[in-house]
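Please read the structure below before turning to the comments.
Protein chains: 2
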Amino acid sequence: MKLILDAMGGDDAPNAIVEGAIAAQRDFDDCELVLVGRQEAVQAAFEKNKCKALPERVSILDAREVIEMTDDPANAFRRKKDSSMTVGLNLLKAGQGDAFISAGSTGALLSASTLLVRRAKGIRRAAVAPVIPTGCGGSVLIDGGTNAECTPEYLVQFAFMGSVYAQYILGREKPRVGLLNIGAEPGKGDTLRQETYALLTRLAEEGSLNFVGNVESREAVFGQADVIVADGFSGNILLKAMEGTAMYFTKLLKEAFQSSTKAKLGYLLSRGGMSDMKRIMDYREVGGSCILGIQKPIIKAHGASDGKAIYYAIRQARNAVACNVCGIIADHAAQLSGAGN
Amino acid sequence: MKLILDAMGGDDAPNAIVEGAIAAQRDFDDCELVLVGRQEAVQAAFEKNKCKALPERVSILDAREVIEMTDDPANAFRRKKDSSMTVGLNLLKAGQGDAFISAGSTGALLSASTLLVRRAKGIRRAAVAPVIPTGCGGSVLIDGGTNAECTPEYLVQFAFMGSVYAQYILGREKPRVGLLNIGAEPGKGDTLRQETYALLTRLAEEGSLNFVGNVESREAVFGQADVIVADGFSGNILLKAMEGTAMYFTKLLKEAFQSSTKAKLGYLLSRGGMSDMKRIMDYREVGGSCILGIQKPIIKAHGASDGKAIYYAIRQARNAVACNVCGIIADHAAQLSGAGN
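Protein chains in written order, with this note's numbering: chain A, 1 to 341; chain B, 342 to 682.
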């Protein structure tokens, strides 16, 4: 398969992207990697990483422009036709690649993906679907922040897409789909939640979905659902509250371990046991977030990605292609577009 | 001052309420405490806590019914006229007490407070306003879960009420009021956020409020605002995500410390430095959540409150009375009801 990388997206581009590509090239011999970006900058990053010649199965496609975080996300890809993102997505659209990975602006990537590569037929909205580190080994959160305003129909489609992702990429047999809400009982929450609850219940009765009911954010963190269905507003509040609390807790813990010589020694003795905790809290191993609902796999890597994070984002793209997640979603689309009407 | 306690509300009622009352009676000699509930059960709890006679300034008011979590919150207080909650709130309404504290059903307490004690004139909605453990020593989150559907006018009123609370109870001089949103820049979020942002900006320009703009949940956790303004849906998602993540992190940390003899020893050496962390994460010291917008102070204590948590909830009620929070909010109400129209 051929994976296309936006070599200019992210805080540490192109270096992080090149580092990730070198590691991925070593491990995944079924992948060809195309790095799109300023030829000389990408080339220099390879040289910096001790690759005088490009590794096998790796190529660079020159694109002169870069979409910046300050560009208007809705139009950036049109205004900058020779940007790494636009050129890369056009390549994907033209069938000259199987997936696209970018650590650039989420908004720009979403607009460009929707307007260039297009949504799967019948899908009303694409949504970013991060896998968040919950107690069940990770849950798909959909929508993680794309569509601030949603209808019950969107949420039902998110439920389906998230369920496909959890089944095929996370390997959950009958993914438990939960509706993010502010109470566990049916009838809780606002009108959007009440209407969505009714639709998801009907689909569960038909056997099309394993809907486990409302999930509060506290229980979501502990892993009560494999798929957490939310509008992009509350989904993003959940995502960043977890991230913030974990960061804040880590900061307090570090301060505690540095508070005295005794505590420092305590850290040295106990840190071995903490590797699991660190691994769970390490966003890099999650890879990126898949943008679901687009005809081909698009992976949004974290803007602060380093080489390791890009490596995992490439692995995630490879899995999405291998499992044909987008094809399966497209096959469901007829069914999806019927629900919620 | 006279504080009224719902002796029958909460998982460990009446014992936790009696324990908290005994401790508060010792520390706050300016307070009279009235415990409302089944006379014999409350009496027995005092005896169990080594008080054969009731302590000074403590009395019991008999009420035969108890509002259960399974009762319909909207009507429970009417159907159970002789419940501890209804009797207690009627006492408050009649001017025979200065504040009411309950660890019972939030929904029932909110309905009963609104319909018996009534909202301050001009206030459209009452809202529960927990103080959440953020990096700035705690922030007022308003609404924490009461009104799932809100208008810009409600949110502006929440901003005002939260600001009064942060100033007079938390002692913040010019409380920084932030709008919970999914991006920091103006124009982010849904229509509700965009409209509220414009109204809050106007009030800030008039000097009525120290509005610091949008706050994402990650930054909210780190204490970027003293007051976090949210609709009850996303506010509750934030609140419980922080709670869940802190609990989950604590669980992982415990497992890490128990993973080997070396790690156990490490814990013994470092635990001294962790007391601050534990204190920050201990919901009990926060007390309860004030329901703001009602004519008199109503404190909702956590359903799982133990004696210590009830003690702090009593202290919080005492502060609210001493600082005349409800009076100040009522004075602002004319101004408030003008905003957002």
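Glycine is no exception: its CB is placed at the ideal position from the N, C-alpha and C atoms.
Simplified DSSP state of B/Leu374, which is helix, strand or coil: If you number the second sequence from 1, residue 374 of chain B lands on position 33. It is a strand residue.
With H, G and I counted as helix, E and B as strand and the rest as coil, what does DSSP make of A/Asn236? Stepping through the first sequence from its first residue, residue 236 of chain A is reached at position 236. Three-state DSSP puts A/Asn236 in a helix.
Applying the 10 Å Cβ sphere with the 16-neighbour rule, what's the burial state of B/Leu609? For the purposes of this step, residue 609 of chain B is taken as residue 268 along the second sequence, with counting starting at 1. By the neighbour-count rule (16 or more Cβ atoms within 10 Å), B/Leu609 is not buried but exposed.
Spatial neighbours of A/Cys150 within its chain, please: C-beta separation below 6 Å, excluding the five flanking residues on both sides. As a first step, residue 150 of chain A must be located in the first sequence, where it is residue number 150. Excluding sequence neighbours, A/Cys150 sits near Asp231.
In terms of residue numbering, what span does the alpha helix (DSSP H) encompassing B/Phe552 cover? One-based indexing of the second sequence puts residue 552 of chain B at position 211. Looking at the DSSP string, B/Phe552 is not in any alpha helix (DSSP H); the run it does join, the beta strand (DSSP E), is 552–556.
A/Ala313 by DSSP, collapsed to three states: which one? Against the first sequence, residue 313 of chain A aligns to sequence position 313. A/Ala313 falls in the helix class under three-state DSSP.
Give me the Cα-Cα distance between A/Cys348 and A/Ala21, rounded to the nearest whole angstrom. In the structure displayed, chain A extends from 1 to 341; residue 348 of chain A sits before or after that span and is not available.
Rounded to whole angstroms, what's the CA-CA distance from A/Gly10 to A/Ala103? Just pull it up for me. Within the first sequence, residue 10 of chain A is the residue found at index 10, counting from 1. Within the first sequence, residue 103 of chain A is the residue found at index 103, counting from 1. Those two C-alpha atoms are separated by around 5 Å.
In the DSSP assignment, what residue or residues form a beta bridge with B/Leu395? Here the question's residue 395 of chain B lines up with position 54 in the second sequence. In the DSSP output, where bridge partners are listed per residue, B/Leu395 has none listed.
Start-end ranges of the beta strand (DSSP E) lying completely within the region 124–201 of chain A, minimum 3 residues: Entirely contained in the region 124–201 of chain A, the beta strand (DSSP E) runs reaching 3 residues are, in chain order, 127–129, 139–142, 177–180.
Out of curiosity, what's the CA-to-CA distance linking A/Arg125 and A/Leu292? Here residue 125 of chain A corresponds to residue number 125 of the first sequence, with the count starting at 1. Here residue 292 of chain A corresponds to residue number 292 of the first sequence, with the count starting at 1. Distance between the alpha carbons of A/Arg125 and A/Leu292: 9 Å.
Within its chain, find whatever has a CB closer than 6 Å to the CB of B/Glu596; leave out the 5 residues flanking it on each side and keep chain order. Taking the first residue of the second sequence as position 1, residue 596 of chain B is located at position 255. Correct list: empty, nothing qualifies.
Selected residue, minimal CA-CA separation from B/Leu402, among B/Asn416, B/Glu409, B/Phe369, B/Gln437: One-based indexing of the second sequence puts residue 402 of chain B at position 61. When only C-alpha atoms are compared, the closest one is B/Gln437.
Contact with chain A by B/Phe501, beta-carbon distance below 9 Å: Numbered from 1 along the second sequence, position 160 holds the residue referred to as residue 501 of chain B. No, its Cβ sits nowhere closer than 9 Å to a Cβ of chain A.
For B/Glu406, which beta-bridge partners are listed by DSSP? Locating residue 406 of chain B in the second sequence gives position 65, counting from the first residue. Answer is B/Ser424, bridged to B/Glu406.
Under a CB-based cut-off of 9 Å, is B/Thr537 close to chain A? One-based indexing of the second sequence puts residue 537 of chain B at position 196. Not an interface residue.
Interface residues of the region 233–247 of chain A facing chain B [CB-CB below 9 Å]: Phe233, Ser234, Gly235, Asn236, Ile237, Leu238, Leu239, Lys240, Ala241, Met242, Glu243, Gly244, Thr245, Ala246, Met247
8 Å Cβ shell around B/Phe369 - same chain, five flanking residues per side excluded: Here residue 369 of chain B refers to the residue found at position 28 of the second sequence. Cβ within range, chain order: Ile655, Arg656, Arg659.
Counting C-beta neighbours from all protein chains within 10 Å, is the total for A/Asn387 16 or more, i.e. buried, or is it exposed? Any property of residue 387 of chain A remains undetermined from this structure, which presents chain A solely from 1 to 341.
Quick one: give me the first and last residue of the alpha helix (DSSP H) that B/Phe563 is part of. For this step, residue 563 of chain B is matched to residue 222 along the second sequence. Element bounds for B/Phe563: n/a, residue is neither H nor E.
Closest residue to B/Val469 among B/Ile651, B/Gly629, B/Asn665 (Cα-Cα distance): The count along the second sequence starts at 1 and reaches residue 469 of chain B at position 128. Checking every option, the nearest Cα to that of B/Val469 belongs to B/Gly629.
Can B/Ser504 and B/Pro516 be called in contact, C-beta distance under 9 Å? Indexing the second sequence from 1 puts residue 504 of chain B at position 163. Indexing the second sequence from 1 puts residue 516 of chain B at position 175. Yes.
Cutoff 9 Å: A/Tyr267 Cβ touching any chain B Cβ: Reading the first sequence from its first residue, position 267 is the one you call residue 267 of chain A. For A/Tyr267, the answer is yes, since a Cβ of chain B falls inside 9 Å of its Cβ.
Locate the beta strand (DSSP E) running through A/Thr276, then write down its first and last residues. Here residue 276 of chain A refers to the residue found at position 276 when the first sequence is read from its first residue. One point to set straight first is that residue 276 of chain A is Asp, not Thr, in the sequence displayed. That residue, A/Asp276, is in no beta strand (DSSP E); its alpha helix (DSSP H) goes 275–281.
Cα-Cα separation, B/Ala545 to A/Lys81: Indexing the second sequence from 1 puts residue 545 of chain B at position 204. Indexing the first sequence from 1 puts residue 81 of chain A at position 81. Those two C-alpha atoms are separated by around 41 Å.
Looking at the unbroken alpha helix (DSSP H) that takes in A/Leu109, where does it start and where does it end? Numbered from 1 along the first sequence, position 109 holds the residue referred to as residue 109 of chain A. Taken as a continuous stretch (DSSP letters only), the alpha helix (DSSP H) holding A/Leu109 covers 106–112.
Output, in chain order, the set of chain B residues within a Cβ distance shorter than 9 Å of A/Gly145. Position 145 of the first sequence, counting from 1, holds the residue named residue 145 of chain A. Those are Ile523, Gly524, listed as they occur along chain B.
Can you give the Cα-Cα distance for B/Pro471 and B/Ala507, rounded to whole angstroms? Here residue 471 of chain B refers to the residue found at position 130 of the second sequence. Here residue 507 of chain B refers to the residue found at position 166 of the second sequence. The alpha-carbon atoms of B/Pro471 and B/Ala507 are separated by roughly 11 Å.
Can you tell me whether DSSP reads A/Asp6 as helix, strand or coil? Looking up residue 6 of chain A in the first sequence gives position 6. Correct three-state label for A/Asp6: strand.
When we look at the beta-carbon of B/Ala661 and count the other beta-carbons within 10 Å, is it buried (16 or more) or exposed? Along the second sequence, one-based indexing puts residue 661 of chain B at 320. Label assigned to B/Ala661: buried.
Which value, in whole angstroms, describes the spacing of the CA atoms of A/Lys93 and A/Ala24? To locate residue 93 of chain A, count along the first sequence from 1; it is residue 93. To locate residue 24 of chain A, count along the first sequence from 1; it is residue 24. In this structure, the alpha-carbon of A/Lys93 lies about 23 Å from that of A/Ala24.
In the DSSP assignment, find the alpha helix (DSSP H) that holds A/Ser270 and state where it starts and stops. Here the question's residue 270 of chain A lines up with position 270 in the first sequence. Note, A/Ser270: alpha helix (DSSP H), 261–270.
At least one CB of chain A closer than 9 Å to the CB of B/Ile621: is that the case? Residue 621 of chain B sits at position 280 when you count from the first residue of the second sequence. It does: the Cβ of B/Ile621 has a partner Cβ on chain A nearer than 9 Å.
B/Lys641 by DSSP, collapsed to three states: which one? Mapped onto the second sequence, residue 641 of chain B falls at position 300. Strand at B/Lys641.
Excluding the 5 residues preceding and the 5 following B/Phe574 in the sequence, name in chain order all residues of the same chain whose CB lies nearer than 7 Å to its CB. Here residue 574 of chain B refers to the residue found at position 233 of the second sequence. Around B/Phe574: Ala489.
In angstroms, rounded to a whole number, what distance separates the CA positions of B/Asn689 and A/Asn181? Any property of residue 689 of chain B remains undetermined from this structure, which presents chain B solely from 342 to 682.
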